[in-house]
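Student:
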Amino acid sequence: MRKPKTPWLLIVALCLCSCTATEPLSVIPYPQHAERKSGVFLPEGANGNSMNARMLDSISLLPYNEMKTELSRYGITVSLEDSLAGVVSEEGYRLSVSKDGVRIRAISQTGAFYAMGTLSQLYEDGGFPCVEITDWPRFKYRGMHLDVSRHFKSKEFVMKQLDAMARYKLNRFHWHLTDGAGWRIEIDRYPELTGIAAWRPYPDWKSWWNGGRKYCTADHPDADGGYYTKEDVREIVQYAAQRHITVIPEIEMPGHSEEVLAVYPELSCSGEPYVNSELCVGKEATFEFLENVLSEVMELFPSEYIHIGGDEAAHEGWKSCPDCQLRIKEEGLGDEAGLQGYLVRRIEAFLNRHGRKLIGWDEILRDSVNSSSVIMAWRGLQYGADAVKSGHDVIMTPGDYCYIDAYQDAPFTQPEARGGYLTLEKTYSFEPVPDTLSSEEQARYIGIQSNLWCEYISTEDYTEYMLYPRVLSIAETAWTSSGQKDWRRFRKNVIEETDYLKLAGYNPFDIRKEKGERPEASRPEEHLAVGKKIEYVQPFSPYYPAGGETALVDGVRGGWTYADGRWQGFINRDVDVIIDLGEDTDIHYIGAEFMQLIGPWLWQPAEVIISVSEDGQEFAELSRQFTDVPKDADELIFRTYAWEGEVSARYVRYNALNNKIKNGCLFTDEIIVR
Ligand code: ACM
Ligand code: ZN
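Count the sequence shown with mature numbering (1 follows the signal peptide of the UniProt record, and there is no 0) and you get residues -21 to -1, 1 to 653, in order.
Pasting the structure below:
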């Protein structure tokens, strides 16, 4: 005889049902509206074959009519409609899964493609959970940038990343094709760009950078590098288009152009190779070159937008170049900054004449470009606000949230990276649009993008490790309205996606192994100097004030990166401060910690002198120490310089001497007195 169900079992069963109905979906980016229903749809073709996620992905790449026919064999119907109630973007869709079948409605084929992408992510154990989804993107520009200059990436690797982009509904691939470390696109008219400027006789960027920065021919025994032929580019552009992704090429100018000037030195101010970084703007030959290159680029890329860089031009060579100075005078440009504006506006006019629009890094805001040009804000949120206030559309990619070449976990657990510390959670916390702006200004934020610069990222495996899963954060912020975002749900979904990505042959960082922030930074440090008066004998840098005048006695310790607003910086100066404890105090410890990271020019102090005083005038030296960290130690190093003993005093002086490297910095976070 069957035992009757106990109430206990009934409760568990009821709970399981209701939990399933409200449980969030495992979909990244998360849909705007999703309602789970009970049951699953088990797709089965007339021939008895069941449908799976992989089949769905490949069917989604077919031309619309073929896709529709294929899907109908499995009980999945697709229709394109003029509009869909509640869907506010052409890329939106409605997806209804019931036990009897799947219905996809979209306004465009892109919307249908995204609906199938969502369905594919929902696939589990041979079926699709019943669900009602209405979905559309928050931003129309959802970008991923990849630097292939510092380290070349194969065509196949690029295509693999386009597959991942499509999965996460990213739709703009910003391809950083040219930079000082290598030119990566075949240009028929200028064969030396790929004959020489695409190859370096060093195994990686770092040894090239530190070892003379020369280029070589492809047949040099140590040649490392590569480039995309025109056929490669066409294949990639088409592969991307099939996945509803536009490829935006970036051709850098006028800075970051050492590789061009090495092989065409007549385009530089000096006329010599390996001297200048910027193209000479005084010479007409430069414009002839740029227009010829861009003409070939436009033939390959149908993108409405062409990125022309525009960042970090030092203008050094221009100052003493007769051609540049003559141009400044004749055109009434005022100075070298005006000369850069002249170049950018001329290139903008050239692109516009050819029916294209210009994107540039936020430096181009200075250049009086016209309002059709789009600003890519990388230096901070303020540059985005400035751009929209001056009437431009803006793409937000601020370093603090979007530069995924920073460490994603405790640096000592990670392969060498640029520095910085940018966790998955921090990338996920990115809110690009300030709510203080008018709705018209807010509407000019057309999107966001992750940037992956590859100076330190020499292998394809490591590239994927840095891309994933942080790109997924950017994808969800780009697609999902801020009110629908949820860190805990996202983190859980990322863990599932990490398993998917591994199975699919990618090399993501596994967030389950995350060590997290520097322990010192996780709680306030209690000690005798907290809140006490501090006098700066030498000032801190206005660029790195941390907490300002009280930063070194506020109990707040720094994290893994000097740029986290907790480390105070001293450029070309010593740390020399006097703390007034207010009264004679028994002291047994005085110390401070310093960070060395020579990429951004941070060193340990050469020497540290710690002294105390009764009256603040006469100081008695307690200790004098020299650093044991070599100047060329190029990993991230923390060192504490402290005195320990027994003394009674009211004033403490902490003096850390700069090691005299030009523009070298000292960074410390707290003077601890116990
Ligand atoms: C940049 O990171 N220089 C755009
Ligand atoms: Zn010049």
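Backbone N, C-alpha and C fix where the C-beta goes; we use that ideal spot for every residue, glycine too.
1. Have a look at PRO(-15) and GLY27 and give me their C-alpha separation to the nearest angstrom.
2. Express the C-alpha separation of TYR633 and ASP565 in angstroms, rounding to a whole number.
3. Assign GLN421 to one of three DSSP states: helix, strand, or coil.
4. Starting from the Cα of ALA264, find the closest Cα among MET277, CYS248, VAL254, GLU278 and give me that residue.
5. Can you tell me which residues fall inside 5 Å of the ligand ZN, judged by beta-carbon distance to its nearest heavy atom, and keep chain order?
6. Would the region 278 to 298 and the region 177 to 185 be scored as touching if the rule is three or more Cβ pairs under 8 Å?
7. Looking at the structure shown, is ARG332 part of a helix, part of a strand, or coil, going by DSSP?
8. Please report the Cβ distance between THR97 and PRO22, rounded to the nearest whole angstrom; I am assuming they are in contact, meaning their Cβ atoms lie under 8 Å.
9. For GLY18 and VAL110, what's the separation of their Cα atoms in angstroms?
10. Using a Cβ-Cβ cutoff of less than 6 Å, which residues in the same chain neighbour VAL212 once the five nearest sequence positions on both sides are dropped?
11. Helix, strand or coil, according to DSSP, for SER592 in the structure here?
12. Which one of GLU623, GLY643, ILE640, GLU572 has the shortest CA to CA distance from ILE616?
13. For the alpha helix (DSSP H) containing MET123, list its first residue and its last residue.
14. Determine contact between the region 520 to 531 and the region 436 to 449, defined as no fewer than three beta-carbon pairs at a distance below 8 Å.
15. Just to confirm the assignment: which complete alpha helix (DSSP H) runs, minimum length 4, are found wholly within the region 432 to 470?
16. By a C-beta neighbour count over all protein chains shown, 10 Å radius and 16 as the cutoff for buried, is TRP466 buried or exposed?
17. According to DSSP, is ARG213 part of a helix, a strand, or is it coil?
18. I want to check one thing, is the minimum distance from the CB of ASP440 to the heavy atoms of the ligand ACM below 7 Å?
19. State the Cα-Cα distance for the pair LEU(-6) and ASN349, rounded to the nearest angstrom.
20. Verify the contact flag: ASP365, CB atom, against every heavy atom of the ligand COA, threshold strictly below 7 Å.
21. Could you round the C-beta distance between ILE7 and TYR147 to whole angstroms and report it? I think they count as a contact, below 8 Å.
22. For HIS294, which option in ASN255, ARG306, GLU267 has the closest C-alpha, if you only look at C-alpha atoms?
23. On the three-state DSSP scale, how would you describe ASN271?
24. Out of ALA635, LEU305, ARG629, which one is the CA nearest neighbour of ASP553?
25. Thinking PRO244 and GLN319 are a contact (beta carbons under 8 Å), I'd like their distance in whole angstroms, please.
26. Which residues mark the beginning and the end of the alpha helix (DSSP H) in which PHE92 is found?
27. Whole angstroms are fine: how far does the CA of ILE215 sit from the CA of PRO521?
28. Is it buried or exposed for LYS262, if we count other Cβ within 10 angstroms and need 16 for buried?
29. Among the candidates CYS381, GLY205, GLU505, THR113, whose CA atom is the shortest distance from the CA of VAL66?
30. Pick helix, strand or coil for GLU283, following the three-state DSSP scheme.
31. I need the DSSP call for SER51, collapsed to helix, strand or coil.
32. Counting pairs of Cβ atoms below 8 Å between the region 67 to 78 and the region 37 to 53, do you hit three or more?
33. Just how far apart, CA to CA, sit VAL272 and ALA328?
34. Can you list, in chain order, the residues of its chain with a C-beta nearer than 7 Å to that of PRO394? Leave out the 5 residues immediately preceding and following it.
35. Any heavy atom of the ligand ACM within a distance shorter than 7 Å of the CB on TRP466?
36. Assuming TRP580 and GLY643 are in contact, meaning their beta carbons sit under 8 Å apart, how far apart are those beta carbons, in whole angstroms?
Tutor: Taking the coordinates as given:
1. What you label residue -15 is simply residue 7 of the sequence shown in a count that begins at 1. What you label residue 27 is simply residue 48 of the sequence shown in a count that begins at 1. Only weak support is given to the placement of PRO(-15): the predicted model assigns it a pLDDT of 46, under 50, and the value that follows is read from those uncertain coordinates. Cα-Cα distance, rounded: 40 Å.
2. Indexing the sequence shown from 1 puts residue 565 at position 586. Indexing the sequence shown from 1 puts residue 633 at position 654. Computed Cα separation, rounded: 17 Å.
3. Position 442 of the sequence shown, counted from the first residue, corresponds to residue 421. Reduced to three states, the DSSP call for GLN421 is helix.
4. Along the sequence shown, read from residue 1 onward, the residue named residue 264 stands at position 285. It is CYS248.
5. Look at which beta carbons fall closer than 5 Å to any heavy atom of the ligand ZN; those residues are CYS248, CYS259, GLY261, CYS300, ASP302, CYS303.
6. Segment contact: the region 278 to 298 against the region 177 to 185, fewer than three CB-CB distances shorter than 8 Å; contact not assigned.
7. For the purposes of this step, residue 332 is identified with residue 353 of the sequence shown, where counting begins at 1. If DSSP states are grouped into helix, strand and coil, ARG332 belongs with the helices.
8. Numbered from 1 along the sequence shown, position 118 holds the residue referred to as residue 97. Numbered from 1 along the sequence shown, position 43 holds the residue referred to as residue 22. In this structure, THR97 and PRO22 do not form a Cβ contact; the two beta carbons are roughly 15 Å apart against a cut-off of 8 Å.
9. As a working mapping, residue 18 is identified with position 39 in the sequence shown. As a working mapping, residue 110 is identified with position 131 in the sequence shown. In this structure, the alpha-carbon of GLY18 lies about 9 Å from that of VAL110.
10. For the purposes of this step, residue 212 is identified with residue 233 of the sequence shown, where counting begins at 1. The residues are LEU279.
11. Within the sequence shown, numbered from 1, the residue matching residue 592 stands at position 613. The answer is strand: DSSP assigns SER592 an E or B state.
12. Start at 1 with the first residue of the sequence shown, and residue 616 comes out as number 637. For the residues GLU623, GLY643, ILE640, GLU572, the minimum Cα distance to ILE616 belongs to GLU572.
13. Sequence index remark: in the sequence shown, residue 123 carries index 144 (1-based). No alpha helix (DSSP H) contains MET123, which is instead part of the beta strand (DSSP E) from 120 to 126.
14. Segments in contact, no.
15. Along the length of the region 432 to 470, whole alpha helix (DSSP H) runs at least 4 residues long occupy 439 to 446, 449 to 458, reported in chain order.
16. By 1-based counting over the sequence shown, the position of residue 466 is 487. Burial call: exposed.
17. Against the sequence shown, residue 213 aligns to sequence position 234. When DSSP states are grouped into helix, strand and coil, ARG213 belongs to the helix group.
18. Stepping through the sequence shown from its first residue, residue 440 is reached at position 461. No.
19. Position 16 of the sequence shown, counted from the start, is the residue given in the question as residue -6. Position 370 of the sequence shown, counted from the start, is the residue given in the question as residue 349. Unreliable placement is indicated for LEU(-6), whose pLDDT of 40 sits below 50; the coordinate value is still reported in the next sentence. Within the model, the alpha-carbon separation for LEU(-6) versus ASN349 is close to 59 Å.
20. Looking for the ligand COA in the displayed structure turns up nothing; the ligands present are the ligand ACM and the ligand ZN.
21. Taking the sequence shown and counting its residues from 1, one reaches residue 7 at position 28. Taking the sequence shown and counting its residues from 1, one reaches residue 147 at position 168. Right, the Cβ-Cβ distance comes to about 6 Å (below 8 Å), so this counts as a contact.
22. Your numbering for residue 294 matches position 315 in the sequence shown. Comparing Cα-Cα distances from HIS294 to each of ASN255, ARG306, GLU267, the minimum goes to ASN255.
23. In the sequence shown, the residue the question calls residue 271 occupies position 292. DSSP places ASN271 within a helical segment (H, G or I) once states are collapsed to three.
24. Counting from one through the sequence shown, the residue named residue 553 turns up at place 574. Taking only the C-alpha atoms, the option nearest ASP553 is ALA635.
25. Here residue 244 refers to the residue found at position 265 when the sequence shown is read from its first residue. Here residue 319 refers to the residue found at position 340 when the sequence shown is read from its first residue. PRO244 to GLN319, Cβ: 20 Å. No contact.
26. One-based indexing of the sequence shown puts residue 92 at position 113. Taken as a continuous stretch (DSSP letters only), the alpha helix (DSSP H) holding PHE92 covers 88 to 101.
27. Numbered from 1 along the sequence shown, position 542 holds the residue referred to as residue 521. Numbered from 1 along the sequence shown, position 236 holds the residue referred to as residue 215. The C-alpha of ILE215 is placed about 45 Å away from the C-alpha of PRO521.
28. The residue labelled residue 262 in the question sits at position 283 within the sequence shown. With 16 or more other Cβ atoms from the protein chains shown falling within 10 Å of its own Cβ, LYS262 counts as buried.
29. As a first step, residue 66 must be located in the sequence shown, where it is residue number 87. Per the Cα distances, THR113.
30. Position 304 of the sequence shown, counting from 1, holds the residue named residue 283. Residue state, collapsed to three classes: coil.
31. One-based indexing of the sequence shown puts residue 51 at position 72. When DSSP states are grouped into helix, strand and coil, SER51 belongs to the helix group.
32. No, they do not touch.
33. The residue given as residue 272 occupies position 293 in the sequence shown. The residue given as residue 328 occupies position 349 in the sequence shown. C-alpha separation (whole angstroms): 15 Å.
34. Here residue 394 refers to the residue found at position 415 when the sequence shown is read from its first residue. For PRO394, the CB contacts under 7 Å within the same chain, skipping 5 residues up- and downstream, are TYR441 in chain order.
35. Indexing the sequence shown from 1 puts residue 466 at position 487. Outside the cutoff, so no.
36. To locate residue 580, count along the sequence shown from 1; it is residue 601. To locate residue 643, count along the sequence shown from 1; it is residue 664. Confirmed, Cβ separation roughly 6 Å.
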